[in-house]
Amino acid sequence: MSYFFQLVVSGMVVGSIYALSALGFVLIYKSSRVLNIAHGQIIAAGAFIVYALTVWAGVHIIPSFLASMVITFFLSMSVERVFLRRLIGEPIISVIMVTIGLMSILDGLIYLTPFGSVNYSFPEFLPTTPISLGGVSISWTQLVGVIITAILIGAFSWFFKRSTIGVSMRAVSDDQLASMSVGISVPKVFGLAWAMAGLSAAAAGGIIGNITGLNFETLRAFGITVFPVVILGGLDSIIGAVVAGIIMGLIQQFAAGYLDGNWGLNGTADVLPYIILLVILLFKPHGLFGTHEIERV
Amino acid sequence: MSTNRWFATGNFYTTYEEEQRIFKTNVDRLFFALFLVSLFIWPFFIEASNRNMLVINNILIAVVAVYGLNLVTGFAGLISIGHAAFVGIGAYTLAGTARAIGDNHVLITHAWPLMILISGFVGAVFGAFVGLPAMRLKHLYLAIATLSFQMIFTWTINFMTFFNQGQMIAVGRVFWITGKVGRKDHYFFWYYVILVTAVICGLAVRNLLRTRYGRCLVAVRDNDRAADAMGMHPGLTKVYAFALAGFFAGVAGALHTYMFRGAGFESFTLHHSIIYLAMAIVGGLGTLPGSLLGPVAIKTLELQMEHLSEWAGTFLPATMNLATALRPLGFGLVIVLFLMFEPRGMANWWRICRSYFKLWPFRY
Amino acid sequence: MAVGLALAFMAPVQAAESYQLGLSLAITGPTSDAGNPYSKGVEDYMRLVNETGILGDAKVDCPIRDDMYETAVTKRNFEDFLDQGMVLFLSYATGANLALANDFTEVEIPVIPASFHKGIADASNYIFLPIASYSHQYVGLGEFVAKNHKGGGVPKVAAFIHPSAFGRAPLEDFKTAVAAGLKLEIVEVVEHGKDLDNSALLKRLASKGVQYVLCQTIQSPVVTLINDSQRLGMTAKSFGEEGKLTFLGAHYTGGNDLIALAGSAAEGFYWTTSYRLTSEKGPWTDWQLELAKKYGRDDKTANSHNYTNGIMAAQVAVETIRRTREAGKEINSASLFETLNQMNGDKSYEPLTTVGPVNYSDTDRMGVDTLQLYVVKNGVFRAEGEPFKPEFLK
Chain A
19 MSYFFQLVVS GMVVGSIYAL SALGFVLIYK SSRVLNIAHG QIIAAGAFIV
69 YALTVWAGVH IIPSFLASMV ITFFLSMSVE RVFLRRLIGE PIISVIMVTI
119 GLMSILDGLI YLTPFGSVNY SFPEFLPTTP ISLGGVSISW TQLVGVIITA
169 ILIGAFSWFF KRSTIGVSMR AVSDDQLASM SVGISVPKVF GLAWAMAGLS
219 AAAAGGIIGN ITGLNFETLR AFGITVFPVV ILGGLDSIIG AVVAGIIMGL
269 IQQFAAGYLD GNWGLNGTAD VLPYIILLVI LLFKPHGLFG THEIERV
Chain B
2 MSTNRWFATG NFYTTYEEEQ RIFKTNVDRL FFALFLVSLF IWPFFIEASN
52 RNMLVINNIL IAVVAVYGLN LVTGFAGLIS IGHAAFVGIG AYTLAGTARA
102 IGDNHVLITH AWPLMILISG FVGAVFGAFV GLPAMRLKHL YLAIATLSFQ
152 MIFTWTINFM TFFNQGQMIA VGRVFWITGK VGRKDHYFFW YYVILVTAVI
202 CGLAVRNLLR TRYGRCLVAV RDNDRAADAM GMHPGLTKVY AFALAGFFAG
252 VAGALHTYMF RGAGFESFTL HHSIIYLAMA IVGGLGTLPG SLLGPVAIKT
302 LELQMEHLSE WAGTFLPATM NLATALRPLG FGLVIVLFLM FEPRGMANWW
352 RICRSYFKLW PFRY
Chain C
20 MAVGLALAFM APVQAAESYQ LGLSLAITGP TSDAGNPYSK GVEDYMRLVN
70 ETGILGDAKV DCPIRDDMYE TAVTKRNFED FLDQGMVLFL SYATGANLAL
120 ANDFTEVEIP VIPASFHKGI ADASNYIFLP IASYSHQYVG LGEFVAKNHK
170 GGGVPKVAAF IHPSAFGRAP LEDFKTAVAA GLKLEIVEVV EHGKDLDNSA
220 LLKRLASKGV QYVLCQTIQS PVVTLINDSQ RLGMTAKSFG EEGKLTFLGA
270 HYTGGNDLIA LAGSAAEGFY WTTSYRLTSE KGPWTDWQLE LAKKYGRDDK
320 TANSHNYTNG IMAAQVAVET IRRTREAGKE INSASLFETL NQMNGDKSYE
370 PLTTVGPVNY SDTDRMGVDT LQLYVVKNGV FRAEGEPFKP EFLK
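Quick note, the sequences are listed as chains A, B and C, same order.
So the working numbering is basically just the index in the first sequence, starting at one, shifted up by 18.
So the working numbering is basically just the index in the second sequence, starting at one, shifted up by 1.
So the working numbering is basically just the index in the third sequence, starting at one, shifted up by 19.
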């Protein structure tokens, strides 16, 4: 039974990291209807900045974690300003294509740094002995990761529900023309959405980097890995990202725990999320929590 | 009214037949004929190295694949992030047959045109199957459904021993009237096969768009509810768009397998799907010249960036990764800048250039 | 006039004879963390050859191309190099070698790959593996486990492999070795994915009584695996500790990168390769560090075993050319192929970067036959025992 609970706990931990990574997609999509394919690169950049600050500049991990979030906040905002501002109103697929090009650019920029080709790992700042309870264990890194995720997601939900800027962002996603007419600056909202996505990416990067070590390939692959999570949750729902993230985390752990190694199956954790995604989409075409669009001729 | 089409300034259609013509003017027809002829005869005048022939063949295969992608994404408006998987289906139809009956079986080496066609049809069947969610899904949700197909495809190929778990499955050398096509003539021979296929496919697409079925695609893209009201079936149209895309992709896949003399899963990954999408968009979605220009532009850009980084590597200090970084950096920058300033793709330049000549001496 | 012109064209050819080689590998993309230092190793050694005149007045020209781990690009590079008159090809990935094997055989060009998959040498007679194959490494690890297993009974092992041709390479031979009397029980073969958390896997292995995990993959999956194992408190403190897991790996799992990524979790990781490591000081390592310093490489590159790997491939290539020149033969694919085939007995080659001599013959396609076992102690790889040859695999 402890095997089952271990899978549940691991699944929840992985799931919450997925949720945090998926958050970046959701934030951008929610306001500007753009799917940012280059998100994985921003996650990687966030992780590398944390490392550079802690190890090379000698800053303590907590301030450098925060600083990294601030840096990617502005990095992401300037990406929006420079590359995407011009494209407001262009066909959505061109904009998505621009993010694909952006992916290539960020790849190139990261190859300029040592991180592109060399692997690093974070210094251990948390106890290495795991917390164990009745045969179920969780490492400190994972626990801290889950806590940060919970705080960030809570903060974003509050921001969209209660704060004036958050409400105006929701207004923009609903109807750009109408929100402009009441004095909301649409370009500013887009910039802010990108900036916040960058911030969440840095947090995700910092956590993943602590778990897997800093390998560029692994980190950037994350941008693609969380696609099914984003879609399953519904592209524009924060709570959807959380629920879908945890579902996917659990599915993967159960697949690895109960399917792999039996009947000659292997690596099912990589493919099962997509199969389940397809099945769910057949019944819920807008994901679990996505907004149903009302279409008119 | 100008009766002499050679000197027509502007469009003067008096019947629908006239508007639906493939070649609007005789100049068009002349240029197209010249273009085709030059494509067919240049290898006899210019000596191209194996490597250059390989690159050119590769571009032409991508052209065939992008026809399909442009049909589904450009004309029918359904974003597909799994096109490389369809190409893979075609490639593995051929490779799978080779594995089942031996890579030098008569069917593979002599009846290769048939094999290419069969691969196309298998691609179409899979395309239709993957298109089924399009009955219910829209926009990015549908795009992710195709992404799922991509992932499931890669995993299956990697998992099944029948497909050699993704390792190269070899395909024998084919025979032509003159006998076995050896290493020396390999790329030369396939250049013509691929060129003929590309031309036939191009004409097929052009003609398709003049028919009811082609216009149906565009109607569903522009507004599927309105199309529904006009008596078309949007769901079936989308499925059939995917089937068409699958067909072209399948043909491209079989050509790929023959030219590379085998199929391995590395050529059909998500990365390639994204590159196909880049080709279609940079070329110009929903245009036929775009399917031609896009692959040429992207592949040339890739090669030029490779040259650039190699050249930079000769004088940059070896400690820096600059030469390595230059390739993705330059590639991404060109694409991003291009789309920022010309989101409608290269086909738009082609259109502007044509209308300039057509309207001359007037400005518009 | 005509004579003058002819002389003008002849002269440079005689003054600086240049031999065309070519290397196509993944500097970016998958496995680039190995490919990057590898390319630097080849590049630096080739520069050293040209600057210090190891080949007399002749030069080697070895363009290096990034193929992003894509077979189609490798093929393009290969054709390009052939057009330039390449006499020996330095290749990289298992997949690409398998895909191009037919071409190698057709154009009869000797190839030195970075992949040590035994199958690629079977696929084409022109492929010369630089060191002991993955199969040898894997079986060698298995033998080490069988010999040093402390508790009673037959040691239970699990194979943790990369989901590709590269990962599956040694399995067949490993199973054959077990069938032939190697005292091991293969409990499970795991092809890993991109899991962030391997708790499920580790617990399952433990519940089946597995004590040893043999890895044949790249570093990052091993890192998540051993990190998770440490977190779950399942890593053995000493070799073969009962009820715990001991991890062992083949060439591409280990090296300083593994320690860089896994930190303290790498402690007690057993690893085998044919290369010498800079953490075990010797004249050869000083030589390597000096070479790296000369061309301005950073510490990480200088100490990477894949840098050594690249240097060694270049060494073999250059040595083959040198011997062929010495014998007074014209340098082409055929003569190099012949020279490589004669590289045995008293003609075997000592590159110093490996733990044994390189020897090939008409039937032997594996350069260095001996392997060295290393283990992580206090954050560095230390040699464990003497170089060995696996007994169950010839």
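The beta carbon of each residue, even a glycine, is placed where N, CA and C say it ideally should be.
Item: Would you say A:P141 faces chain D, with C-beta separation under 8 Å as the test?; Value: Absence of chain D from the displayed structure is noted, the protein chains being A, B and C.
Item: Consider the Cβ of C:S367: report whether some Cβ of chain A lies at a distance smaller than 8 Å.; Value: no
Item: Find the residues of chain B that neighbour C:I180, judging by a C-beta separation of less than 7 Å, and give them in chain order.; Value: Here the premise fails: no neighbours, minimum Cβ distance about 11 Å.
Item: Please tell me whether B:S50 has its Cβ less than 8 Å away from any Cβ of chain C.; Value: yes
Item: 8 Å is my cut-off, CB to CB: does A:T146 come that close to chain C?; Value: yes
Item: For a contact meaning CB atoms closer than 7 Å, what does C:K222 contact in chain A?; Value: Y21 and Q24
Item: Taking DSSP as the reference, what is the three-state secondary structure of B:F87?; Value: helix
Item: Quick one: which chain C residues come within Cβ less than 9 Å of B:F261?; Value: T90, A91, K94 and A118
Item: Return the residues of the segment 32 to 52 of chain C that lie within a Cβ-Cβ distance of less than 9 Å from chain A, sorted by chain order.; Value: I46, T47, G48, P49, T50, S51 and D52
Item: For A:A65 versus A:G227, is the C-beta spacing smaller than 8 Å?; Value: yes
Item: Would you say C:A219 reaches chain A, if we count a Cβ-Cβ gap shorter than 8 Å as a contact?; Value: yes
Item: Check whether the Cβ atoms of B:G83 and B:F190 sit closer than 8 Å, and answer yes or no.; Value: no
Item: Is C:S43 closer than 8 Å to C:T93 when the C-beta atoms are compared?; Value: yes
Item: Which residues bound the alpha helix (DSSP H) around B:C354?; Value: M347 to L360
Item: Under 8 Å by Cβ, that's how I've got C:L190 and C:E207 pegged, so tell me the actual separation to the nearest angstrom.; Value: About 12 Å; that fails the 8 Å criterion.
Item: Among A:F92, A:Y276 and A:I89, which one has its Cα closest to the Cα of C:L220?; Value: A:Y276
Item: Pull out every residue of the segment 191 to 203 of chain A whose Cβ sits closer than 7 Å to any Cβ of chain B, in chain order.; Value: none
Item: Given a limit of 8 Å on CB to CB distance, which residues of the segment 171 to 198 of chain C reach chain B?; Value: P182, S183, A184 and R187
Item: Is the CB of C:D85 under 8 Å away from at least one CB in chain B?; Value: yes
Item: Can you tell which of C:D102, C:A402 and C:A177 has the C-alpha that lies nearest to the C-alpha of C:T297?; Value: C:A402
Item: With 8 Å as the C-beta to C-beta threshold (strictly closer), list the residues of the segment 46 to 65 of chain A near chain C in chain order.; Value: none
Item: Determine contact between the segment 47 to 64 of chain B and the segment 97 to 105 of chain C, defined as no fewer than three beta-carbon pairs at a distance below 8 Å.; Value: yes
Item: Classify C:G3 as helix, strand or coil using the three-state DSSP reduction.; Value: The question about residue 3 of chain C has no answer, for chain C in this structure spans 20 to 413.
Item: Could you compute how far the alpha carbon of C:E338 sits from the alpha carbon of B:L143?; Value: 57 Å
Item: For the alpha helix (DSSP H) containing C:S257, list its first residue and its last residue.; Value: No alpha helix (DSSP H) holds C:S257; DSSP gives it neither H nor E.
Item: Less than 8 Å between CB atoms is the rule here; does C:N351 satisfy it with respect to chain B?; Value: no
Item: Give the residues of chain C in contact with B:Q21, contact being defined as C-beta atoms less than 8 Å apart.; Value: Correct list: empty, because the minimum Cβ distance to chain C is about 39 Å.
Item: Please identify the residue among C:A332, C:T195, C:F163 and C:M331 whose C-alpha is closest to the C-alpha of C:K408.; Value: C:F163
Item: Could you check the C-alpha separation between C:S139 and C:V79 for me, to the nearest Å?; Value: According to the sequence shown, residue 139 of chain C is Ile rather than Ser. Going from the Cα of C:I139 to the Cα of C:V79 covers about 26 Å.
Item: Taking the continuous beta strand (DSSP E) assigned at A:W158, which residues delimit it?; Value: No beta strand (DSSP E) contains A:W158, which is instead part of the alpha helix (DSSP H) from W158 to R180.
Item: Residues in the segment 138 to 171 of chain B with C-beta within 7 Å of chain C's C-beta atoms, listed in sequence order?; Value: N159, Q166, G167, Q168, M169 and A171
Item: Does C:Y294 come out as helix, strand or coil in the three-state DSSP assignment?; Value: strand
Item: In angstroms, rounded to a whole number, what distance separates the CA positions of A:I225 and B:V126?; Value: 44 Å
Item: Got a sec: is the Cβ-Cβ distance from A:E108 to anything in chain B below 8 Å?; Value: yes
Item: Give the residues from the segment 309 to 343 of chain B that approach chain A closer than 9 Å (Cβ to any Cβ), ordered along the chain.; Value: M321, N322, L323, T325, A326, L327, R328, P329, L330, G331, F332, G333, L334, V335, I336, V337, L338, F339, L340, M341 and F342
Item: Does any residue of chain C bring its CB to less than 8 Å from the CB of A:I82?; Value: It should be noted that the sequence gives Ser, not Ile, for residue 82 of chain A. Cβ-Cβ to chain C under 8 Å: no for A:S82.
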